[in-house]
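Numbering (the working numbering), first residue to last: 15 to 589.
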């Protein structure tokens, strides 16, 4: 990432206001510094000349005002940077989350979930030092340093020339150190990502690891990755201290050169004391912003790396949108290239669910080929096929998460956003979040309806659960069957609160006993009687017996998907 990446202005508009306010404050601080140096110089020169103290009272008062103004300006700079940074980080995080949502579950499934979470969480928080420390100094360098150099050159041309010659040395060293720091920071970020991913994997599979007696090996692996992260972090810190020393040394030597030339000219009588003292007071101020930029860059390096990764995700989403021509099309594709759409224009569908010659491909292989079916309002349909034949892909196509050739109509709507709005859905994984059962059932509803929540839990065969009960992350605290029924209740709540026309449940009874399964199927029959098209993806015979119609995928899809699974198993075995 460059010192000020233009993408930051594009994706976080609050940065523009922060830059503008920072530039104004930097100009005011520069004038205050010049006024401070001028007053100090005048006071010292007059005191040496023997001016009475009473005659200097007015200048002392002016000096006090200037000091107070400088303090206020410093406080204002910090406040503007902190507040503007908080807004900018919030905007960037929103853009990142929106980009991930546009790219869809398929894109997320191909990425390291821990890395995406790390960027949106810790990575965005690490940008705070960038806005609070680095950016104000960068603005000061761009605004204050030229003004100070011009002021010093106007009062003493020799000192101005020395400044023009020596000042570029600091950016040169900053660039050299920055390259090394950037490489070290990338290694540190990769180590942190590996540590986060490994720890999450161990926690998720801890019971299995303990069952097979492999937990100690994973413990050693976590310790190894932690040590790697510690080593990379210490390298970054070492570079930070060394670069700070180098920048301080260059700045101090440059100021010393100016001081020596001024001293020699004062001794020779070719320079007035007031001019020499004024230049000596301002010279360190000219180097200060550059020195601070170098020092604060390392504090913000982790956030800079995280922002660069966030920009990559956002640009991937924008690239997908551009390649598909429109936001709606991008949303329907899940952020990948689509198959050619066949000409399937026909009669306007009703409020049910209709597939017209639908094909879905993954990695250029067709997993669903030419599937056509219809689920009318009031019907319960069951989709049955062997594992890995594209059932979940078909559901993802309805929701607009994978590219689709052909047409899918949900409640008379064919666009991805419209299909999603008209569909209530519960997947194979419950996808519960930390909170109460009420919050999970009414997820996304700003004003939950207690009566609808109670009815949804009852119809999901989960009436015995306390709606105020707590749920941990990932549904911890509930059994597998209870979590599954809460997910179904969430779909039923959405169905009724948003008046959806289609209900899709993916393996809703896989963790239920026969009696609970029967209660749930009876509820689904009642839901269908309300004029809803119900599609259940299930392998269970009992579910198929309750269906009005049983749908199967074409055999070609199964053969293709089996080949894909075989390839994946071979890759896993070789890996």
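The C-beta atom is built at its ideal place from N, Cα and C for all residues, glycine as well.
Integer-rounded CB distance, given that residue j should sit under 8 Å from residue i
| i | j | result |
| --- | --- | --- |
| residue 530 | residue 475 | 5 Å |
| residue 4 | residue 32 | Because the chain in this structure spans residues 15 to 589, residue 4 falls outside the shown range and cannot be described. |
| residue 305 | residue 262 | 6 Å |
| residue 528 | residue 519 | Going by Cβ atoms, the distance from residue 528 to residue 519 rounds to 17 Å, so no, they are not a contact pair. |
| residue 523 | residue 481 | Contact flag wrong, Cβ pair sits at about 22 Å. |
| residue 561 | residue 389 | With a Cβ gap of about 10 Å, residue 561 and residue 389 do not count as contacting. |
| residue 394 | residue 538 | 6 Å |
| residue 466 | residue 507 | 6 Å |
| residue 328 | residue 113 | 5 Å |
| residue 375 | residue 381 | 7 Å |
| residue 366 | residue 391 | 5 Å |
| residue 265 | residue 184 | 7 Å |
| residue 525 | residue 440 | Residue 525 to residue 440, Cβ: 12 Å. No contact. |
| residue 148 | residue 310 | 4 Å |
| residue 564 | residue 516 | Residue 564 to residue 516, Cβ: 18 Å. No contact. |
Residue i, enclosing alpha helix (DSSP H) - first and last residue
| i | result |
| --- | --- |
| residue 546 | Unbroken run through residue 546: none, as it is neither H nor E. |
| residue 388 | Where residue 388 is concerned, there is no enclosing alpha helix (DSSP H), although the beta strand (DSSP E) it sits in stretches over 379 to 389. |
| residue 394 | Residue 394 -> not in any alpha helix (DSSP H); beta strand (DSSP E) instead, spanning 394 to 398. |
| residue 504 | 494 to 511 |
| residue 156 | 149 to 169 |
| residue 473 | 464 to 473 |
| residue 24 | 20 to 25 |
| residue 60 | 28 to 62 |
When the options are compared against residue i, the one with the closest alpha-carbon
| i | options | result |
| --- | --- | --- |
| residue 156 | 182, 168 and 139 | 182 |
| residue 138 | 323, 502 and 466 | 323 |
| residue 503 | 512, 545, 101 and 451 | 451 |
| residue 444 | 495, 473 and 429 | 495 |
| residue 509 | 224, 96 and 548 | 548 |
| residue 47 | 86, 29 and 63 | 86 |
| residue 399 | 378, 498, 567 and 165 | 567 |
| residue 35 | 544, 95 and 565 | 95 |
| residue 307 | 260, 321 and 252 | 260 |
| residue 383 | 500, 371 and 392 | 371 |
| residue 426 | 514, 498 and 564 | 514 |
| residue 37 | 92, 82, 131 and 67 | 92 |
| residue 176 | 546, 512 and 274 | 274 |
| residue 42 | 159, 221 and 290 | 159 |
| residue 141 | 321, 248, 542 and 517 | 321 |
| residue 6 | 429, 249, 563 and 130 | The requested residue 6 is not part of the displayed model; the chain covers only 15 to 589. |
| residue 20 | 325, 253, 238 and 51 | 325 |
| residue 200 | 165, 239, 287 and 246 | 246 |
| residue 98 | 521, 124 and 29 | 29 |
| residue 165 | 436, 51 and 419 | 51 |
| residue 79 | 53, 216 and 242 | 53 |
| residue 120 | 497, 223, 407 and 542 | 407 |
| residue 132 | 205, 418 and 228 | 205 |
| residue 409 | 368, 62 and 448 | 368 |
Bridge-paired residues (DSSP) for residue i
| i | result |
| --- | --- |
| residue 520 | 551 |
| residue 370 | 421 |
| residue 439 | 518 |
| residue 427 | 424 |
| residue 401 | In the DSSP output, where bridge partners are listed per residue, residue 401 has none listed. |
| residue 450 | 484 |
| residue 376 | 379 |
Range of the contiguous beta strand (DSSP E) that encloses residue i
| i | result |
| --- | --- |
| residue 566 | 563 to 566 |
Evaluate the contact criterion for the region 444 to 464 versus the region 411 to 424: three or more CB pairs, one atom per stretch, below 8 Å.
no
Would the region 163 to 171 and the region 286 to 302 be scored as touching if the rule is three or more Cβ pairs under 8 Å?
yes
Does the structure place the region 266 to 278 close enough to the region 230 to 240 that three or more beta carbon pairs sit under 8 Å?
no
For the pair the region 63 to 75 and the region 89 to 109, tell me if three or more CB-CB distances fall below 8 Å.
no
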